[in-house]
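First to last, the protein sequences are chains R and Y.
Residue 1219 is where the first sequence starts when you use my numbering, and the numbers rise one by one after that.
Residue 12 is where the second sequence starts when you use my numbering, and the numbers rise one by one after that.
Note that beta-carbon positions come from the ideal geometry of N, C-alpha and C, so glycine has one too.
Quick caveat, the model's predicted, so the values are computed rather than measured.
Report on the structure given below.
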Amino acid sequence: DTAVSQTPKYLVTQMGNDKSIKCEQNLGHDTMYWYKQDSKKFLKIMFSYNNKELIINETVPNRFSPKSPDKAHLNLHINSLELGDSAVYFCASSQGGEQPQHFGDGTRLSIL
Amino acid sequence: AQSVTQLGSHVSVSEGALVLLRCNYSSSVPPYLFWYVQYPNQGLQLLLKYTSAATLVKGINGFEAEFKKSETSFHLTKPSAHMSDAAEYFCAVSERDTGRRALTFGSGTRLQVQP
């Protein structure tokens, strides 16, 4: 059973389009995250939800909107996609601050 | 704000040689510390973590790391490199005693293992 699963794995689309990435975890964790990994492999937190409540919202353009329908799901919707949005987006989950985060396999977003 | 520095964006070793990947953090309170490995086109896999128990932490695949508060370091080592160790390695921290929980990552170190 996959612990943290993201769909789709690859997303190729044109500038200006709107797209969503879905994430589900079956670990029973109370906190979920979205990270962005850029072309230089640098990883940066975007959002964090704890029990469906947004607790971290880094300086991310408001074209990005996370939604957590329940504790096991965290989706990411992106409006008006731009070239600079091309990256790999990782979903993760954890239970508590000292417990390690479990990562999905990532969604590689390419903007044409 | 805390930060993580990984010295050496690329490290190359021979198969069977010692692996040493360096990580230093900046935080007035020792954070939780983690090492993750990323293989090509995959997610991040936890190698090991330091929370507050023993300062020498053993992880998977023969890796270990030592927490040194005086040096604000958490270097990753493996006595004998294997070809399958070739990957990207990330050191990460999360704040202790806050509700923040998000990881702050270092810039990563690519490990190459030569035959």
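Less than 8 Å separating the beta-carbons of GLY27 of chain Y and SER91 of chain Y? By one-based count along the second sequence, residue 27 of chain Y stands at place 16. By one-based count along the second sequence, residue 91 of chain Y stands at place 80. Cβ atoms of GLY27 of chain Y and SER91 of chain Y: closer than 8 Å.
What residue from Y:ARG33, Y:LEU87, Y:GLN125, Y:SER14 has the CA that sits closest to HIS93 of chain Y's CA? Counted from its first residue, the second sequence places residue 93 of chain Y at position 82. Considering only Y:ARG33, Y:LEU87, Y:GLN125, Y:SER14, the residue with the shortest C-alpha distance to HIS93 of chain Y is Y:GLN125.
Should GLN17 of chain Y go down as buried or exposed, given a rule of 16 or more other Cβ atoms within 10 Å for buried? As a working note, residue 17 of chain Y is residue 6 in the second sequence. It is buried - the Cβ of GLN17 of chain Y has at least 16 other Cβ atoms within 10 Å.
What residues in the segment 1233–1263 of chain R have a beta carbon less than 9 Å from any beta carbon of chain Y? So the close ones are THR1249, TYR1251, TYR1253, GLN1255, LYS1258, LYS1259, PHE1260, LEU1261, LYS1262, ILE1263.
Using Cβ-Cβ distances below 7 Å, what residues of the segment 12–34 of chain Y are close to chain R? Cβ contacts with chain R: none found.
May I have the straight-line CA-CA distance separating HIS1291 of chain R from PRO1226 of chain R, to the nearest angstrom? Within the first sequence, numbered from 1, the residue matching residue 1291 of chain R stands at position 73. Within the first sequence, numbered from 1, the residue matching residue 1226 of chain R stands at position 8. Cα to Cα, the separation comes out at about 14 Å.
With DSSP run on the structure shown, which of helix, strand or coil describes GLU1300 of chain R? Here residue 1300 of chain R refers to the residue found at position 82 of the first sequence. Looking at GLU1300 of chain R - three-state DSSP - the assignment turns out to be coil, as it is neither helix nor strand.
Mind checking if GLU99 of chain Y is an interface residue toward chain R, Cβ cutoff 8 Å exclusive? As a first step, residue 99 of chain Y must be located in the second sequence, where it is residue number 88. Yes, GLU99 of chain Y counts as interfacial toward chain R.
Quick check on this structure: which residue in Y:PRO41, Y:ASN35, Y:PHE78 has the alpha carbon closest to the alpha carbon of LEU59 of chain Y? Taking the second sequence and counting its residues from 1, one reaches residue 59 of chain Y at position 48. Taking only the C-alpha atoms, the option nearest LEU59 of chain Y is Y:PHE78.
Between the Cα of ASN1297 of chain R and the Cα atoms of R:GLN1243, R:PHE1265, R:ASP1236, which residue gives the shortest distance? Here residue 1297 of chain R corresponds to residue number 79 of the first sequence, with the count starting at 1. Shortest Cα-Cα distance from ASN1297 of chain R to any of R:GLN1243, R:PHE1265, R:ASP1236 involves R:ASP1236.
Is it true that the CB of GLU99 of chain Y sits closer than 8 Å to the CB of LYS1259 of chain R? Sequence index remark: in the first sequence, residue 1259 of chain R carries index 41 (1-based). Sequence index remark: in the second sequence, residue 99 of chain Y carries index 88 (1-based). Note that the C-beta distance between LYS1259 of chain R and GLU99 of chain Y is below 8 Å.
VAL1278 of chain R, enclosing beta strand (DSSP E) - first and last residue: In the first sequence, counting from the first residue as 1, residue 1278 of chain R sits at position 60. Boundaries for VAL1278 of chain R: no beta strand (DSSP E) harbours it, and the DSSP string shows neither H nor E there.
Below 7 Å on C-beta distance, what does PHE1321 of chain R contact in chain Y? In the first sequence, counting from the first residue as 1, residue 1321 of chain R sits at position 103. Proximity of chain Y to PHE1321 of chain R at the Cβ level (cut-off 7 Å) is accounted for by GLY54, LEU55, in chain order.
Per DSSP, which residues does CYS1241 of chain R bridge with? Please list them. By 1-based counting over the first sequence, the position of residue 1241 of chain R is 23. Looking at the DSSP assignment, CYS1241 of chain R forms a beta bridge with R:GLN1224.
My output table needs one value for ASP1256 of chain R: the three-state DSSP class, helix, strand or coil. Position 38 of the first sequence, counted from the first residue, corresponds to residue 1256 of chain R. When secondary structure is reduced to three states using DSSP, ASP1256 of chain R falls in the coil class, being assigned neither helix nor strand.
Beta-carbon proximity check, GLN1224 of chain R vs CYS1241 of chain R, cutoff 8 Å: Counted from its first residue, the first sequence places residue 1224 of chain R at position 6. Counted from its first residue, the first sequence places residue 1241 of chain R at position 23. Here GLN1224 of chain R is near CYS1241 of chain R, since their CB atoms are less than 8 Å apart.
Inspect the beta-carbon positions of SER1257 of chain R and ASN1293 of chain R and report whether they are closer than 8 Å. Counted from its first residue, the first sequence places residue 1257 of chain R at position 39. Counted from its first residue, the first sequence places residue 1293 of chain R at position 75. Judged by their CB atoms, SER1257 of chain R and ASN1293 of chain R are not nearer to each other than the 8 Å cut-off.
Helix, strand or coil, according to DSSP, for LYS1285 of chain R in the structure here? Your numbering for residue 1285 of chain R matches position 67 in the first sequence. Strand.
Would you mind reading off the limits of the beta strand (DSSP E) that contains HIS86 of chain Y? As a position in the second sequence, residue 86 of chain Y is number 75, starting the count at 1. Residues 84–89.
To the nearest whole angstrom, what separates the beta carbons of PHE85 of chain Y and PRO1318 of chain R, a pair I think is in contact under 8 Å? As a first step, residue 85 of chain Y is located in the second sequence; it is residue number 74 there, counting from the start. As a first step, residue 1318 of chain R is located in the first sequence; it is residue number 100 there, counting from the start. Taking C-beta atoms under 8 Å as the contact rule, PHE85 of chain Y and PRO1318 of chain R fail to qualify, at a distance of about 14 Å.
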